[in-house]
Structure formats: structure tokens, C-alpha cells
Amino acid sequence: MRPDNLLYPAPKGLYSEKGDFYIDPIQPVERALITHGHADHARAGHGHVLATRETLDIMRIRYGDGFCGASQVAPLGETITVNGVTVRFHPAGHVLGSAQIAVETDGTRIVVSGDYKRRPDRTCRAFEPVPCDVFITEATFGLPVFHHPDDGAEVARLLMSLRQFPERAHMVGAYALGKAQRVIALLRQQGYEEPIYIHGALAKLCEYYQNEGIDLGEIRPATLTGESRQDFAGAIVIGPPSAFADRWARRFADPLAVFASGWMLIRQRAKQRGVELPLVISDHCDWAELTGTIREIAPAEVWVTHGREEALVRWCELQGIPARPLHLVGYDDEGE
Amino acid sequence: MKAFAELLDRLVLTPQRNAKIRLLADYFREAGDPSRGYALAAIAGTLTLNTVKPQLIRDLLLEHMDEVLFRYSYDYVGDLAETVSLVWEPPQERVAADIPLGEVVERLQMAGRSEVRSLVRDMLDQLDTSGRFALLKLVTGGLRIGVSARLAKQALAEMGGKDVGEIETLWHGLAPPYLPLFLWLSGEADMPTLKTPAVFHSVMLSTPVGEGDLEGLDPADFAAEWKWDGIRVQLANIGGVRRLYSRSGDEISGAFPEILEAADFTGVIDGELLVGGTARSNQATGTFADLQQRLNRKTVNRKLLEDYPAFIRGYDILFSGERDIRAEPFKERRQALDTLIDAASPQHFDLSPLVPFATWEELDRLRSDPPDPVIEGVMLKRLDSPYVAGRAKGPWFKWKREPFNIDAVLMYAQRGHGKRSSYYSDFTFGVWTESDGQTVLVPVGKAYFGFTDAELEILDRFVRDNTVERFGPVRAVRAEPDAGFVVEVAFEGLNRSTRHKSGVAMRFPRIARLRADKLPRDADRLETLQAMIETKI
Chain A
1 MRPDNLLYPA
11 PKGLYSEKGD
21 FYIDPIQPVE
31 RALITHGHAD
41 HARAGHGHVL
51 ATRETLDIMR
61 IRYGDGFCGA
71 SQVAPLGETI
81 TVNGVTVRFH
91 PAGHVLGSAQ
101 IAVETDGTRI
111 VVSGDYKRRP
121 DRTCRAFEPV
131 PCDVFITEAT
141 FGLPVFHHPD
151 DGAEVARLLM
161 SLRQFPERAH
171 MVGAYALGKA
181 QRVIALLRQQ
191 GYEEPIYIHG
201 ALAKLCEYYQ
211 NEGIDLGEIR
221 PATLTGESRQ
231 DFAGAIVIGP
241 PSAFADRWAR
251 RFADPLAVFA
261 SGWMLIRQRA
271 KQRGVELPLV
281 ISDHCDWAEL
291 TGTIREIAPA
301 EVWVTHGREE
311 ALVRWCELQG
321 IPARPLHLVG
331 YDDEGE
Chain B
337 MKAFAELLDR
347 LVLTPQRNAK
357 IRLLADYFRE
367 AGDPSRGYAL
377 AAIAGTLTLN
387 TVKPQLIRDL
397 LLEHMDEVLF
407 RYSYDYVGDL
417 AETVSLVWEP
427 PQERVAADIP
437 LGEVVERLQM
447 AGRSEVRSLV
457 RDMLDQLDTS
467 GRFALLKLVT
477 GGLRIGVSAR
487 LAKQALAEMG
497 GKDVGEIETL
507 WHGLAPPYLP
517 LFLWLSGEAD
527 MPTLKTPAVF
537 HSVMLSTPVG
547 EGDLEGLDPA
557 DFAAEWKWDG
567 IRVQLANIGG
577 VRRLYSRSGD
587 EISGAFPEIL
597 EAADFTGVID
607 GELLVGGTAR
617 SNQATGTFAD
627 LQQRLNRKTV
637 NRKLLEDYPA
647 FIRGYDILFS
657 GERDIRAEPF
667 KERRQALDTL
677 IDAASPQHFD
687 LSPLVPFATW
697 EELDRLRSDP
707 PDPVIEGVML
717 KRLDSPYVAG
727 RAKGPWFKWK
737 REPFNIDAVL
747 MYAQRGHGKR
757 SSYYSDFTFG
767 VWTESDGQTV
777 LVPVGKAYFG
787 FTDAELEILD
797 RFVRDNTVER
807 FGPVRAVRAE
817 PDAGFVVEVA
827 FEGLNRSTRH
837 KSGVAMRFPR
847 IARLRADKLP
857 RDADRLETLQ
867 AMIETKI
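These protein sequence lines map, in sequence, to chains A and B. Take 1 as the starting number for the first sequence in my numbering and just add one per residue. Take 337 as the starting number for the second sequence in my numbering and just add one per residue.
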């Protein structure tokens with residue numbers, strides 16, 4: 001079967017006609033396969049959802065028990081047949097529960113990578129390369145400018161700033177699912193043992209990570225009941241980025257704005273957001289990892305989804321690898 | 337280079353002055369010589385390097401990179417140095433090694449024109465991303481990190497626990513990499529002695545007259561003079577070396593060659609730099625807007641010299657001949673100044689006249705209605721005051737004329753920075769005017785201070801609850817005749833402006849009071865402001 005008969009972009013998302021399912025659809029559909037729990041990929045209201053156990057748990061935490069009609073766990077590496085199409089989930093290394101989905105029929109295999117990264121991350125399983133005919137890759141950081149530095153060194157810069165400015169509350173903006181827990185885990189890895197304070201929006205997900213056996217150390221809610229501003233001086237407070245531009249941020253002692261994101265590599269981006277200490281920590285691949293992954297998997301063809309498709313497609317052309325953009329809409333660039 | 341690059345990255349994104357000083361002081365303490373001296377020079381603008389054209393950097397990069405991919409990258413990042421620092425791929429066999437800033441600078445200084453290209457390439461290969469960025473900013477000659485020479489000196493003072501005045505006095509006698517300076521600051525040597533005597537001496541500053549400050553003071557103990565609206569300068573001619581410094585000790589000799597040339601006396605004087613004509617040549621003194629034509633330039637052309645001739649209106653004298661007379665009383669110094677200026681070029685120097693007065697009430701009347709539009713108030717100087725660096729309260733007071741006030745309507749608001757990033761604290765306000773037969777608001781200025789923290793809470797709440805439209809980070813707020821927010825805006829002066837739609841530009845506007853008691857329809861009209869210009873406020 002030709003690959004573009006097996007999967008093609010439709011208005012609601014990537015669609016398999018033969019299997020009659022969508023992958024990460026952006027609107028409610030009858031049958032959805034979900035790569036991971038970020039809100040732009042995992043939406044509520046589908047008839048039937050197939051995803052990893054962790055992704056289903058995360059959707060339940062975010063949307064409540066009725067997030068879909070029926071759900072089915074896809075154990076990693078196990079083959080499941082959906083209307084005659086074989087599907088298999090493999091770890092993607094993006095956030096807890098994230099998976100690539102290999103879709104196969106008549107000897108043609110397409111791997112939908114979802115969002116993925118190649119860096120070691122204590123909070124989720126590592127990406128597993130799967131040989132395939134077509135590799136569908138994201139391109140969030142698909143420009144040669146993106147070279148994510150070592151994440152341990154980035155967190156060390158935060159600890160250095162705490163020593164330099166011990167009277168200021170260090171307010172770290174980090175996305176609620178994945179990034180926040182990874183930053184906490186990295187801080188613990190660097191030997192930071194103080195309690196870490198979190199915004200309410202992070203509470204349930206952090207608790208879930210801890211129940212899944214990921215040690216985040218002592219987490220406390222960043223509430224002020226009975227405490228004075230000074231109590232947060234020199235403390236690390238983590239919250240969703242939107243909270244820092246809001247009135248919530250005012251309660252803290254002389255806040256120093258920190259933001260953990262791959263975008264923080266670009267100085268102007270940091271400046272526009274009023275970030276004083278940008279930490280370049282990303283849950284996506286940088287340019288070298290995107291191109292390295294394509295080389296490693298060596299697919300016959302590459303399809304590029306959301307992000308900066310044109311540069312990655314250009315790179316594939318220069319390497320003699322057939323490539324095309326899919327022009328899927330509705331996926332965010334890491335929170336933009 | 338790593339430490340310097342990290343410092344630059346932090347400084348660019350740090351809005352608070354004190355935090356910048358701490359970052360700089362920590363760097364100066366920890367970085368070795370000569371790197372820290374060159375870092376200081378790069379920040380203070382005293383570093384001379386063979387600069388490199390952006391085109392060369394681009395060419396170097398395209399030796400290895402696909403042009404299309406480069407274009408996508410550059411379009412996205414928007415800054416050449418930053419783009420190149422990010423996309424540069426060091427050769428595989430490279431051993432990552434940091435090159436100290438001192439070595440980078442010395443290698444660049446020693447390299448001939450033809451060697452610079454390969455030297456820059458080699459260093460780009462060796463450095464990491466931040467290091468490459470710092471290098472490219474250095475060699476293309478534009479750090480732009482929002483740190484003035486003055487702030488760097490304050491960080492030096494903090495580092496060594498010294499007075500910033502001492503550093504300013506030394507500053508122009510020293511050169512990169514400032515080894516004796518750092519030895520002294522780190523306590524390993526005595527204060528450096530200078531070979532070149534024409535150095536800057538920290539200026540004496542005044543404090544504003546506050547409520548009740550003049551009670552109990554005898555007018556007979558004070559001299560009063562006009563406070564002219566130019567820039568405060570120090571002119572030195574000692575040991576044959578002539579220099580003109582701004583109040584903060586930045587050398588501005590290059591921009592005012594006519595003054596340097598005319599300074600044929602020996603000594604150091606303190607005065608106001610103005611344009612137009614001296615009182616002795618019977619010409620009008622130019623406004624601050626005229627003076628601005630001559631400011632912030634490294635050199636000057638003939639047309640500017642003719643259109644905006646500069647002169648110094650003398651306030652005080654620090655050295656008479658080679659003799660330091662700062663310890664003598666103001667009364668004595670004033671006589672020495674009078675004698676010096678009397679003999680100096682009448683086109684380039686005049687004496688700031690004293691204002692006779694008998695009582696504070698009389699002086700108050702004079703200050704409120706000065707005889708020249710370029711006067712912004714009066715100065716009060718104790719007749720027995722020595723010339724002391726810094727801003728001590730008592731010997732010298734400034735008594736400005738009252739600011740101008742109007743009632744304006746809030747139109748737009750934007751978030752602040754740093755501490756204020758969660759507040760809408762930058763406000764654009766407007767006044768009423770007629771446009772196509774309709775009464776509309778036209779913006780006349782922007783202010784981001786003047787209010788108290790409690791008032792900011794009120795303003796912020798108003799903005800959040802009354803946003804009618806958003807343009808990126810800017811919010812338009814409700815501003816109708818019967819619904820909106822009126823603020824009393826105080827400002828120091830008003831100029832005509834072709835750049836602003838309203839045709840007027842305010843100097844130093846700030847929000848003086850919140851007028852919750854007024855409706856927008858009660859706010860002022862543009863004609864009121866225009867009339868203020870007509871009457872030469």
C-alpha cells in the first residue's frame with residue numbers, strides 16, 4: 001500500500017481511512033489514537049481513545065472521568081489491530097507516557113513520532129528508534145539555530161542565581177505537564193534539597209508523577225496563608241508560565257523571572273517576556289537531534305508536521321531524502 | 337570568555353540597577369587579570385579593537401552552511417551575531433576549550449588586517465555558543481547591554497568597597513586592562529598615582545529644597561544663581577592636557593572642539609554646557625532641544641558648529657592654575673572664577689550671574705518666574721561651602737520652578753519590567769482635541785512613574801477591568817467623556833514635535849495624582865498645551 005493511502009492529513013488531524021482512526025485529532029472524533037497528554041494533542045470528547053496507560057491517566061486528571069466514551073490501554077511494544085491496521089506504541093521520550101505510534105499494513109510502516117526528544121530524562125522512558133518506510137517527525141525546533149545546551153548546566157545556572165540573589169524569590173515558569181516535573185527532578189539531581197513550591201495548577205500532575213515512582217523530593221504548595229512574603233525569599237517557586245504575568249506572582253518577595261523552555265535560547269524571546277534568567281530546557285529535539293534521528297532511522301521518506309517544517313524539509317532535500325511538510329494545524333509550539 | 341559571555345547574557349536581561357551592579361561586581365571579583373580589565377573596557381566603551389564587518393562574519397559562515405538554511409535561521413533570530421553564534425558548527429575534532437577574554441582581546445589587537453579573518457574563524461571554532469556571541473559582539477563593535485560607564489564604575493566601587501568618586505577621579509588617567517586599578521580595588525596595592533594630571537574630579541551636587549528645609553537658614557549666608565537647563569560639565573586644562581567631561585565623568589571633548597580650542601587658561605572649571613550665545617555676546621541662550629543637536633556625537637561637522645555654537649556658563653572653579661582650591665569657600669572660588677572667565681574667550685565662556693535676594697519669599701517669586709526660558713529654577717550655595725564631591729545635604733540646594741500640570745485621560749497601558757512585570761505600569765495618556773468636527777482624545781505622553789505602590793494597584797485594576805482592545809502587549813482602556821480614568825500629569829517642559837501626532841512633546845512627564853474625582857470630559861484640551869508653548873513656558 002502506498003504510504004499516503006495508509007495515513008493522510010485531514011481537517012481533524014492525521015487520518016487512517018482503512019483503520020478509520022485519527023492520530024492526535026484536534027476535534028472530537030469516533031476513534032482516536034493519542035501520542036501524549038499535552039492538551040493540543042490529547043483533547044477531550046472522543047468516542048474511543050487508544051493510548052498508553054499513563055497518557056489515559058493524565059487525560060483523566062485533566063478532563064475528568066468522562067473525558068471520552070471508552071478508553072483502551074496500549075501497552076508499549078504490543079501489537080494491536082484496529083480495523084485490520086496494525087498499530088504499536090513505542091516510547092518517545094517527550095513526557096511521562098509519551099509514545100510514538102507505528103502504523104502498518106501490507107508491509108508498509110509509518111511511524112508517527114508525536115513530540116519526542118533524545119536527551120536522558122529521569123521522568124520518562126527514552127525514545128526508541130523504530131525502522132520504518134515513512135517517519136513523521138515534528139519540527140518544533142527545526143532550525144539550525146537550535147542547539148539545546150546540557151540541561152544539568154542550565155539548572156546549575158539557576159542554583160548559581162539563588163546564591164547571588166538570596167533575597168529574591170526565583171519564579172520558574174514551566175509547563176504543567178512534563179517540564180515542571182523534569183525541572184524539579186533536575187534540581188534534585190544537582191543536590192538541591194530545599195522544599196520546592198508549586199502553583200496549584202501543577203499539584204495533581206506532580207502528585208501523579210510521584211505516585212508513578214518519580215521522586216521529586218519535598219513539594220509544597222506556594223500559598224501564602226499565614227506566611228509572609230519573606231518566606232519565599234531565596235526559594236524556588238514553579239508555576240505555569242501564564243501565572244507569572246498575572247496577579248498571582250505579586251505575592252512573592254522581589255520575584256526574579258525564570259523560564260524553562262527551548263525558546264529561551266533566543267535572547268529576544270527572553271527579553272520580550274521579561275525573563276531575567278532564561279533556562280534552555282526543552283522536551284523536544286534540537287536541530288542536531290532531529291537530523292541525527294532521521295539519519296539513524298533512515299526512512300525512505302520523511303513527513304514533517306508542526307513547527308518549522310521548511311528548514312527540515314530543506315535539510316532532507318540536501319541529504320537526498322524525500323521529504324514533505326504535512327501542514328497540520330492546531331498544534332502549539334511548546335506553549336506559544 | 338565563558339564568564340564574560342555569561343555576564344553579558346545576564347546583564348541584557350536584568351532590568352534592576354542594583355542587580356546589574358551585583359552581577360558586575362561579582363564578575364570583577366572572580367575573573368582574573370587581564371580579562372576583567374578588558375571586560376570593563378568593553379562595557380565602558382574604552383576598548384579599541386580591529387573591528388570586523390558583518391559581511392565578513394556572514395561569509396565565514398557560508399563557507400560551511402547552506403544559504404537557504406542560513407536565511408531561515410537569520411529571519412527567525414533577527415540578529416546576525418546571535419544567529420551565527422547559534423548555527424556555527426565547530427569541526428568534529430575540536431577540543432572544547434575556553435579562551436580567556438584577555439587572550440581573545442590581545443590576539444585580536446596583535447593580528448594584522450589580513451589575519452583577522454582566520455583568527456575569528458579559529459576562535460569561533462573553539463568557543464561555545466555564548467562565547468561566540470560575545471566574541472561577535474566584540475569584533476563587530478556593538479555590545480549594547482544597557483550598562484553605562486557610570487554603572488560599571490559603581491560596580492567597581494562596590495567590588496572594592498571604595499567611593500565611586502575616587503574611581504571617577506582616576507578613570508581617565510588609566511587605560512585597559514586597568515591592572516593597577518584592580519590591584520587597588522582588591523586590596524593588593526595602594527591607590528594608583530597618575531601620570532596624566534588632567535583627570536576628572538567628581539562634581540559637587542545639590543539636594544532639592546524640601547518642606548521646611550529653608551526654615552532657620554539665613555538668606556545672608558547664601559548666594560543664589562539661576563539653574564540653567566543644559567548639561568553640567570567639567571573643563572580641565574592641566575599640564576597642557578585639555579579635556580571636557582560630562583557630570584558623570586564621560587569624556588565628551590571630541591564633540592565640542594571649539595570649547596577645547598578656546599580653553600587657553602590653566603585650571604579646572606565647573607559649569608553648564610549650553611548652545612546659542614554667551615551673555616557677553618548679547619545673544620539668546622539656546623534651549624535644551626537645541627543643545628540636544630550637539631549631544632551624543634563623537635565628532636561634529638561645520639554646519640552644527642555654526643548653527644549650534646556651544647559655550648560654558650561658569651558655576652565654579654576647582655583648580656586655579658595648577659592649584660587645587662576646592663577647600664576654599666565658595667565666595668573665594670567665585671572671585672577666582674570671575675577673574676578666569678573675564679580673561680577667557682567671550683564667545684565661549686561667560687559667568688553664571690548671581691541673583692540678589694533678601695528673603696526666601698523674594699527668591700521663591702524669582703524662581704517661579706525666571707527671566708529666561710532656559711532657566712529651570714535657582715541654585716542656593718552657602719558662601720562658606722568648600723567644593724565637596726557628591727550630594728551632601730546643606731551646602732548646596734536646588735530650588736526648581738514648579739512643574740507644569742495638566743489633567744489627562746488614560747488611553748493605553750503596558751506591563752512593566754522586572755518587579756513590575758505583573759503590573760500594568762507604563763501609561764499613555766491623552767487630552768481632548770477637535771478632529772473632523774469630533775471631539776477625540778489625542779495621546780500627548782507616556783509615564784511610568786510618579787505614583788505610589790498603592791496607586792499602582794488602583795491603576796492596574798482599572799486597566800484589567802476596562803480593557804477594550806489589545807495590540808500585542810499593549811492594552812487600550814476605556815476612555816470616553818463619561819467613563820475612564822483621569823490622571824494629573826506633571827512635567828518639566830514642553831516642546832514642539834513633528835514626531836508626535838499631537839505636535840507636542842513633554843519633558844520628564846510623571847503621574848502626579850490620580851483624579852478619581854474627575855470625569856474624562858473634565859480633562860484638559862490640546863489647545864491648553866499649545867498655549868503653554870506659545871507663552872514660552
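Every residue gets a Cβ at the ideal spot worked out from N, C-alpha and C, and that includes glycine.
Below 7 angstroms on C-beta distance, what does residue i contact in chain B?
i	result
VAL275(A)	LEU349
ASP246(A)	SER758
Residues of chain A with CB closer than 7 angstroms to the CB of residue i, please, in chain order.
i	result
HIS753(B)	GLY274
SER409(B)	LEU143, PRO144, VAL145
List the residues of chain B whose Cβ lies closer than 9 angstroms to the Cβ of residue i, in chain order.
i	result
TRP315(A)	ASP402, LEU405
ALA249(A)	SER757, SER758
GLU296(A)	Within 9 angstroms Cβ-Cβ: nothing; GLU296(A) doesn't reach chain B, min ~17 angstroms.
Using the DSSP secondary-structure output, state which residues sit across from residue i in a beta bridge.
i	result
PHE740(B)	PHE827(B)
SER656(B)	GLY603(B), ARG659(B)
ASN573(B)	ARG578(B), GLY603(B)
LYS734(B)	PRO544(B), MET715(B)
ALA99(A)	PRO91(A)
THR769(B)	VAL776(B)
At 9 angstroms on the CB atoms, spell out the chain A contacts of residue i, in chain order.
i	result
ASP362(B)	GLN164
ARG358(B)	GLN164, PHE165
GLY414(B)	ILE266, GLN268
THR465(B)	HIS147, PRO149, LEU265
LEU397(B)	What LEU397(B) touches in chain A: nothing, since even the nearest Cβ is about 10 angstroms away.
ALA560(B)	The contacting residues do not exist; ALA560(B) stays about 42 angstroms from chain A at best.
Could you check if residue i is buried or exposed, using at least 16 other CB atoms within 10 Å of its CB as the buried criterion?
i	result
ARG168(A)	buried
ASN632(B)	exposed
ASP606(B)	buried
PRO25(A)	buried
ASP215(A)	exposed
VAL804(B)	exposed
PHE785(B)	exposed
PHE844(B)	exposed
ALA270(A)	buried
TYR374(B)	buried
GLN181(A)	buried
LYS667(B)	exposed
ASP121(A)	buried
So residue i contacts chain A; which residues on that side make the cut at Cβ distance below 8 angstroms?
i	result
THR419(B)	VAL145
VAL423(B)	PRO144, VAL145
ALA433(B)	Per Cβ cutoff of 8 angstroms: no residues; ALA433(B) is ~16 angstroms from chain A at best.
So, at 7 angstroms on beta carbons, what are the nonlocal neighbours of residue i in its own chain, with the 5 sequence-adjacent residues on each side left out?
i	result
MET401(B)	VAL423
ALA875(B)	Any question about residue 875(B) goes unanswered here, given that chain B covers just 337 to 873.
Skipping 5 residues on each side, what residues in its chain have a beta carbon closer than 6 angstroms to that of residue i?
i	result
HIS753(B)	PRO351
GLU30(A)	GLY47
LEU396(B)	ARG457
LEU416(B)	PRO390
Leaving out the 5 sequence neighbours to the left and right, which residues in its chain are closer than 8 angstroms to residue i when beta-carbon positions are compared?
i	result
ARG630(B)	ALA591, PHE592, VAL611, VAL636, LEU640, TYR644, ALA646
GLN490(B)	ILE357, VAL500
GLU279(B)	Residue 279(B) lies beyond the residue range present for chain B, which begins at 337 and ends at 873; the question has no answer from this structure.
SER833(B)	GLY839, VAL840, ALA841
Residues of chain B with CB under 8 angstroms from residue i, in chain order?
i	result
ASP57(A)	The premise fails here: ASP57(A) is roughly 33 angstroms from chain B at the closest Cβ pair, so nothing lies under 8 angstroms.
Open item on the list: Taking beta-carbon pairs under 9 angstroms, can you tell me which members of the stretch 839-857 of chain B lie near chain A?
Closed with: none
TODO: May I ask you to list, following chain order, the residues of the stretch 254-284 of chain A that have a beta carbon less than 9 angstroms from some beta carbon of chain B?
DONE: Here the close residues are ASP254, PRO255, LEU256, ALA257, LEU265, ILE266, ARG267, GLN268, ALA270, LYS271, GLN272, ARG273, GLY274, VAL275, GLU276, LEU277, PRO278.
Open item on the list: Taking beta-carbon pairs under 8 angstroms, can you tell me which members of the stretch 466-480 of chain B lie near chain A?
Closed with: none
Task: Chain-ordered residues of the stretch 65-85 of chain A with a beta carbon less than 8 angstroms from chain B - done: none
Task: Where the stretch 713-743 of chain B meets chain A: residues whose CB sits under 8 angstroms from a CB there - done: none
Task: Contact set between the stretch 316-327 of chain A and chain B, restricted to residues whose Cβ is under 7 angstroms from the partner - done: Answer set for the stretch 316-327 of chain A: LEU318.
Task: Residues of the stretch 300-311 of chain A with Cβ closer than 9 angstroms to any Cβ of chain B, in chain order - done: ARG308, GLU310, ALA311
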